[in-house]
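Protein chains in written order, with my numbering: chain A, 20 to 172; chain B, 20 to 172.
No residue lacks a Cβ here, since even glycine has one placed at the ideal position from N, Cα and C.
Owing to the predicted nature of the structure, the values given are computational and were not obtained by experimental measurement.
Inspection log for the structure reproduced underneath, given as structure tokens.
There are 2 protein chains.
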Amino acid sequence: MGLFHADSHAMSKALKEMDVLRQHLAKHQLKLTRQRELILTAFLRQEHVTAETMYHQLAKKDPHLGLATIYRTLNLFCEAGIAQARHFGTQTQYDNISHKGHHDHLICTGCGTIVEFENCEIERLQEEVATKNGFVIQTHRLELYGLCARCRH
Amino acid sequence: MGLFHADSHAMSKALKEMDVLRQHLAKHQLKLTRQRELILTAFLRQEHVTAETMYHQLAKKDPHLGLATIYRTLNLFCEAGIAQARHFGTQTQYDNISHKGHHDHLICTGCGTIVEFENCEIERLQEEVATKNGFVIQTHRLELYGLCARCRH
DNA sequence: TATCATCTTGAGACGGCTTATCAATTTCAA
DNA sequence: TTGAAATTGATAAGCCGTCTCAAGATGATA
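Structural data, given as structure tokens:
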């Protein structure tokens, strides 16, 4: 029973994202392919990935899945509003937008350590600023760069 | 007189950064070269640059200054704490840390309009989060993406 | 369900940005 | 001034992500 609840919850969540994708595809005359479903399912299980990461993860399920397809699909997710791209170091990270609240980062410029955090109060103030300027926020990016305790010594 | 003041102020600021560089060089058995002085002077006049930008700017003063030297030097500035690298799209931006500005952006995903804003309360909360995690912030990036009033209709 | 215009894929070529290589040059401590 | 060590400039190399294009998949339509 507990298991059933957990499963149906995860499933409904995945289905919701799948619907967002389906609508986006329909609106832009694009097609739902086996690869896109496969990549979306794997993507939703994680908070953020790189194309390379997914390439290795999915190699087991589909050894012929190309890296270019993963890049194309992740960019498609960004356009559909399911993912968000972020440039970290030399690579591009794709964040799962549905994991809202865990999108802010504290980045050590010394050792590269990344600490994730969420702060409702900051979110609220962001909304306030947006409203004041006539905007409705879709997503945001907040990165704090500094030195962690260890790197200061 | 007014001119003198402005000049001496700018000069003392540049001298301060030059000292930071000199100390870093001494500490790491590195040498102060004509190129490093030239690049630092130009760098301090701006808020943020790319290696390519500086390459073109400095071509007038020293046509033989190599792009690799500029990359090496800007990275050196980062290690010395004078500059900070940020990855923006495909390029790396080097920010002048002494220009600690409040440059937060509200970006319309519809028409691309960018509204700048600053919010002390958000800054304060950022400091709070950083402190709680043992960090000391050097700089930050906050971007809110959404639709402006006009694009919503 | 068969058709077919259109979209997508996979493999690898390509291109932009940054770093590595190395001989020649410059720096600076002695 | 000398010489060991660092730096430079030119360019090759490397990495990441996108583009190309022939072959294959999709789905609206009949």
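Just to confirm my understanding: we take G129 (chain A), look at its own chain, exclude 5 residues before and 5 after, and list those with CB closer than 6 Å. What are they? The count along the first sequence starts at 1 and reaches residue 129 (chain A) at position 110. Only L166, C170 meet the Cβ criterion.
With 7 Å as the limit, tell me which residues of the region 149 to 170 of chain A have their beta carbon closer than that to any beta carbon of chain B; keep them in chain order. A149, N152, G153, F154, V155, I156, Q157, T158, H159, R160, L161, E162, L163, Y164, G165, L166, C167, A168
A104 (chain A), enclosing beta strand (DSSP E) - first and last residue: Within the first sequence, the letter at position 85 stands for residue 104 (chain A). Element bounds for A104 (chain A): 102 to 107.
Give me whichever residues DSSP pairs with R9 (chain A) in a beta bridge. The structure shown does not extend to residue 9 (chain A), since chain A is modelled only from 20 through 172, so no value can be given for it.
With distances taken between CB atoms, is the gap from R160 (chain A) to R105 (chain A) smaller than 8 Å? On the first sequence, residue 160 (chain A) is found 141 positions in, with the first residue counted as 1. On the first sequence, residue 105 (chain A) is found 86 positions in, with the first residue counted as 1. Yes, these two residues count as a Cβ contact at 8 Å.
In this structure, does DSSP put N115 (chain B) in helix, strand or coil? Here residue 115 (chain B) refers to the residue found at position 96 when the second sequence is read from its first residue. N115 (chain B) falls in the strand class under three-state DSSP.
Beta-bridge pairing of H124 (chain A) - partner residues as DSSP gives them: For this step, residue 124 (chain A) is matched to residue 105 along the first sequence. For H124 (chain A), which the question treats as bridged, DSSP gives the partners A:E135, A:E162.
Closer than 8 Å by beta-carbon distance: list the chain A residues that pair up with V134 (chain B), in chain order. Start at 1 with the first residue of the second sequence, and residue 134 (chain B) comes out as number 115. In chain order: N152, F154.
Give the DSSP-derived three-state secondary structure of G21 (chain B) in the structure shown. Residue 21 (chain B) sits at position 2 when you count from the first residue of the second sequence. For G21 (chain B), the pLDDT reaches just 37, beneath the cut-off of 50, and the residue's location in the model is therefore unreliable, leaving the point undetermined.
Using a Cβ cut-off of 8 Å (strictly closer), state whether A25 (chain A) contacts chain B. By 1-based counting over the first sequence, the position of residue 25 (chain A) is 6. In this prediction, A25 (chain A) has a pLDDT of 44, which is less than 50 and means its spatial position is unreliable; nothing more can be read from the coordinates.
Just tell me which of A:A149, A:I126, A:I116 has its CA closest to the CA of V68 (chain A). Looking up residue 68 (chain A) in the first sequence gives position 49. Closest by alpha carbon: A:I116.
Continuous alpha helix (DSSP H) stretch holding N94 (chain B): start and end: What you label residue 94 (chain B) is simply residue 75 of the second sequence in a count that begins at 1. Its alpha helix (DSSP H) spans residues 86 to 99.
D38 (chain A) to E98 (chain A), Cα distance in whole Å? As a position in the first sequence, residue 38 (chain A) is number 19, starting the count at 1. As a position in the first sequence, residue 98 (chain A) is number 79, starting the count at 1. Straight-line Cα distance between these residues: approximately 14 Å.
With a threshold of 6 Å on Cβ separation, who are the neighbours of I133 (chain A) within its own chain once the five nearest residues in sequence on each side are excluded? As a working mapping, residue 133 (chain A) is identified with position 114 in the first sequence. Excluding the 5 residues flanking it on each side, I133 (chain A) has same chain C-beta neighbours closer than 6 Å at H124, I126, in chain order.
Supposed contact pair K80 (chain B) and L95 (chain B) - C-beta distance, whole angstroms, cut 8 Å: Here the question's residue 95 (chain B) lines up with position 76 in the second sequence. Here the question's residue 80 (chain B) lines up with position 61 in the second sequence. Actually they do not touch by this definition, with Cβ atoms about 19 Å apart.
Using a Cβ-Cβ cutoff of 7 Å, what residues of the region 75 to 101 of chain A are near chain B? List them in chain order. none
Please classify H172 (chain B) as buried or exposed, where buried requires at least 16 neighbouring CB atoms within 10 angstroms. For the purposes of this step, residue 172 (chain B) is identified with residue 153 of the second sequence, where counting begins at 1. Burial call: exposed.
At a CB distance below 8 Å, what residues from the region 101 to 120 of chain A approach chain B? Give them in sequence order. Close to chain B, meaning a Cβ-Cβ distance shorter than 8 Å, are the following residues of the region 101 to 120 of chain A: H106, F107, G108, T109.
Outcome for Y164 (chain A) when other beta-carbon atoms lying within 10 angstroms are tallied against a minimum of 16: As a working mapping, residue 164 (chain A) is identified with position 145 in the first sequence. That one is buried.
Would you please verify whether the beta carbon of Q65 (chain B) is less than 8 Å from any beta carbon of chain A? Against the second sequence, residue 65 (chain B) aligns to sequence position 46. So no, Q65 (chain B) is outside the interface.
Tell me which same chain residues have a C-beta within less than 7 Å of the C-beta of T88 (chain B), skipping the five on either side of it? Numbered from its first residue, the second sequence carries residue 88 (chain B) at position 69. Around T88 (chain B): Q54.
Same chain, Cβ closer than 6 Å to A33 (chain A), neighbours up to 5 away in sequence not counted: Looking up residue 33 (chain A) in the first sequence gives position 14. Excluding the 5 residues flanking it on each side, A33 (chain A) has same chain C-beta neighbours closer than 6 Å at L63, in chain order.
Give me the Cα-Cα distance between Q42 (chain B) and T52 (chain B), rounded to the nearest whole angstrom. Locating residue 42 (chain B) in the second sequence gives position 23, counting from the first residue. Locating residue 52 (chain B) in the second sequence gives position 33, counting from the first residue. Going by the C-alpha atoms only, they are around 14 Å apart.
Straight-line Cα distance separating G131 (chain A) from L86 (chain B): Taking the first residue of the second sequence as position 1, residue 86 (chain B) is located at position 67. Taking the first residue of the first sequence as position 1, residue 131 (chain A) is located at position 112. Each residue's Cα considered, the two are about 26 Å apart.
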